[in-house]
Amino acid sequence: MYDYLIVGAGLYGAVFAQKAIESGKSVLVIDKRKHIAGNVYTEKIEKINVHKYGAHIFHTNDLSVWNYVQKFAVFNRFTNSPIANYKGEIYSMPFNMYTFNKMWGVVTPEEAASKIAEQRKEIIGQPKNLEEQAISLVGRDIYEKLIKGYTEKQWGRECKELPSFIIKRLPVRLNYDNNYFNALYQGIPIGGYTKLVENMLKGIEVRLGVDYLENKDELDMLAEKVIYTGAIDAYFDYKLGALEYRSVRFETEVLDKTNFQGNAAVNYTDRETPWTRIIEHKWFEFGKDENGNDIPKTIISKEYSSEWKPGDEPYYPVNDEKNSELYNQYKKLADMENKVLFGGRLGEYKYYDMDQVIKAALLSAEKELSK
Ligand code: FAD
Numbered sequence: 001m002y003d004y005l006i007v008g009a010g011l012y013g014a015v016f017a018q019k020a021i022e023s024g025k026s027v028l029v030i031d032k033r034k035h036i037a038g039n040v041y042t043e044k045i046e047k048i049n050v051h052k053y054g055a056h057i058f059h060t061n062d063l064s065v066w067n068y069v070q071k072f073a074v075f076n077r078f079t080n081s082p083i084a085n086y087k088g089e090i091y092s093m094p095f096n097m098y099t100f101n102k103m104w105g106v107v108t109p110e111e112a113a114s115k116i117a118e119q120r121k122e123i124i125g126q127p128k129n130l131e132e133q134a135i136s137l138v139g140r141d142i143y144e145k146l147i148k149g150y151t152e153k154q155w156g157r158e159c160k161e162l163p164s165f166i167i168k169r170l171p172v173r174l175n176y177d178n179n180y181f182n183a184l185y186q187g188i189p190i191g192g193y194t195k196l197v198e199n200m201l202k203g204i205e206v207r208l209g210v211d212y213l214e215n216k217d218e219l220d221m222l223a224e225k226v227i228y229t230g231a232i233d234a235y236f237d238y239k240l241g242a243l244e245y246r247s248v249r250f251e252t253e254v255l256d257k258t259n260f261q262g263n264a265a266v267n268y269t270d271r272e273t274p275w276t277r278i279i280e281h282k283w284f285e286f287g288k289d290e291n292g293n294d295i296p297k298t299i300i301s302k303e304y305s306s307e308w309k310p311g312d313e314p315y316y317p318v319n320d321e322k323n324s325e326l327y328n329q330y331k332k333l334a335d336m337e338n339k340v341l342f343g344g345r346l347g348e349y350k351y352y353d354m355d356q357v358i359k360a361a362l363l364s365a366e367k368e369l370s371k
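Going by this note's numbering, the sequence shown runs without a break in its numbering and finishes at 371.
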């Protein structure tokens, strides 16, 4: 009999398992996928660590989380500096002096600020939709070239039909800082995320290709308690209805060239290009293999935003009123399951960045294991 059965070998499950083993508990980890690491899974192809479920850049302001992950991987100095391609014109993201110089030819921060102020005047009164909100924050030029097409592809709807609250802020930097995240600590684990999670799970029994819900009765008999990081609605057999997600589809290609776009992420901000962005995976590790040699090929993933339907891979929870209410009802049921703890992005139906999911697992493990 194990102390804990952990359903899901993603970050939440791996962190909980690691802490449980550290405090002398016995643990069995299962995952229905054929691999560990959940959505941060990276697969080595042509010497490149490919981010199979979308690009993942680790960033945090939480020193305790940063110190924790350092135990399992060495992080490189990768800094997320995406660029935008609008019909062949390249702009720096986030919006900064490089962007403003390219857009308007302005040179000083004062000139940039007054150009934005002038364009913002167009919107009088309370913005009624996302388009008006964006213009009221950064002006029409930036909206038209860098926000409109991208947002419409992401949501599958026109910006005029989207609510203004989706964009609360649009950071405008009157400096040359290209670092997208405002985080104190940032990087990519050298050797990929799978290796990081493998190190967390060192010495822990892991069974892959095992679906908990399909074998629930027999698996429940194996452990005192269950940590469940799968979808909360699936656990209850969708009896109150299915929670909705937004999905992403990736088309990945191996190219017989060394350099496709010179950057890890390029956003395509026009409406006509069907993909939202292209990721070139080798740049997460500066184009080098583990021995520091240049890699002759390259791998790119085109990312398409897609409507989610039951059975598709769930990516982003839709935190609107309807889904939040449904989640709250499932949460009430979950709280009554005294042998099971629900956690992680699917178990809590919550968008978590990696550092947040690690922090949540650390806190829940601390609470649980000190009992
Ligand atoms: P998961 O990784 O989904 O793990 C849950 C596991 O449970 C899965 O492996 C699943 O197979 C398993 N499971 C589910 N049901 C069952 C079952 N019935 N039986 C057995 N196993 C089951 N965060 C960042 O900090 N930086 C980024 O740049 C970033 N980029 C992202 C890009 C995309 C496209 C997305 C969608 C997310 C991104 N994130 C990023 C967030 C990050 O992916 C999550 O924080 C993290 O993966 C959550 O880990 P988890 O353990 O909660 O979930």
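Where is the CB? At the ideal position from N, CA and C, for every residue including glycine.
- Per DSSP, the unbroken alpha helix (DSSP H) holding Thr99 starts and ends at Met97 to Trp104.
- No Cβ-Cβ contact shorter than 8 Å links Val266 with Ser306.
- One thing to note: Tyr304 has its Cβ no nearer than 8 Å to the Cβ of Tyr245.
- At a cut-off of 7 Å, the beta-carbon of Ala55 counts as near the ligand FAD: some heavy atom of the ligand is closer than that.
- Here the alpha carbon of Val172 sits roughly 21 Å from the alpha carbon of Pro163.
- In this structure, Ala9 has its CB closer than 7 Å to one or more heavy atoms of the ligand FAD.
- Sequence-distant Cβ neighbours of Ile166 in its own chain, meaning closer than 6 Å and more than five residues away, are Leu130.
- Taking all protein chains shown into account, Val357 has 16 or more neighbouring C-beta atoms within 10 Å of its C-beta and is therefore buried.
- With fewer than 16 other Cβ atoms inside 10 Å of its own Cβ, Lys367 counts as exposed.
- With a cut-off of 7 Å, the C-beta of Arg345 is classified as near the ligand FAD, since at least one heavy atom of the ligand falls inside that distance.
- Apart from the 5 residues on each side of it in sequence, Asp177 sits with its Cβ closer than 7 Å to the Cβ of Asn96 in its chain, given in chain order.
- DSSP places Val197 in the helix class (H, G or I) of the three-state scheme.
- Not one heavy atom of the ligand FAD sits closer than 7 Å to the Cβ of Val266.
- Looking from the CA of Lys128, the closest CA among Ile116, Cys159, Glu152 and Glu110 belongs to Cys159.
- From the listed residues Val65, Gln18 and His59, the smallest Cα separation to Leu201 is found for Gln18.
- By the CB criterion at 8 Å, Ile123 and Glu132 fall inside the cutoff.
- Phe58 counts as buried, since at least 16 other C-beta atoms from the protein chains shown sit within 10 angstroms of its C-beta.
- Annotation: Glu251 to Met1 spans about 43 Å, alpha carbon to alpha carbon.
- For Tyr4, the enclosing beta strand (DSSP E) starts and ends at Tyr2 to Val7.
- Residue pairing from DSSP places Phe250 in a beta bridge opposite Glu303.
- For Phe342 and Leu63, the gap between their C-alpha atoms comes out near 25 Å.
- For Thr229, the CB falls within less than 7 Å of some heavy atom of the ligand FAD.
- With a cutoff of 7 Å, Ile232 does not count as near the ligand FAD, since its C-beta is closer than that to no heavy atom of the ligand.
- If you look at Thr229, you'll find it isn't in any alpha helix (DSSP H); DSSP assigns it neither H nor E.
- Straight through space, the alpha carbons of Lys32 and Leu208 are spaced by roughly 6 Å.
- In this structure the region 212–224 does not touch the region 272–280; the number of beta carbon pairs closer than 8 Å is below three.
- Within its own chain, the residues whose Cβ lies closer than 6 Å to the Cβ of Gln119, once the five positions on either side in sequence are excluded, are Gly139 and Arg140, listed in chain order.
- For Glu321, the number of other beta carbons within 10 angstroms of its own is below 16, and it is reported as exposed.
- Remark: the shortest separation between the CB of Val248 and any heavy atom of the ligand FAD falls under 7 Å.
- A residue is called buried when at least 16 other Cβ atoms come within 10 angstroms of its Cβ; Leu243 meets this threshold and is buried.
- Listed in chain order, the beta strand (DSSP E) runs fully inside the region 165–191 are 185–187, counting runs of at least 3 residues.
- In this structure, Asn291 keeps its C-beta atom at 8 Å or more from the C-beta atom of Ile188.
- Judged by DSSP in its simplified three-state form, Pro127 adopts coil rather than helix or strand.
- Residue pairing of Pro317 in beta bridges, as defined by DSSP: Tyr245.
- Distance from the CA of Thr194 to the CA of Gln126, rounded to the nearest whole angstrom, comes to 47 Å.
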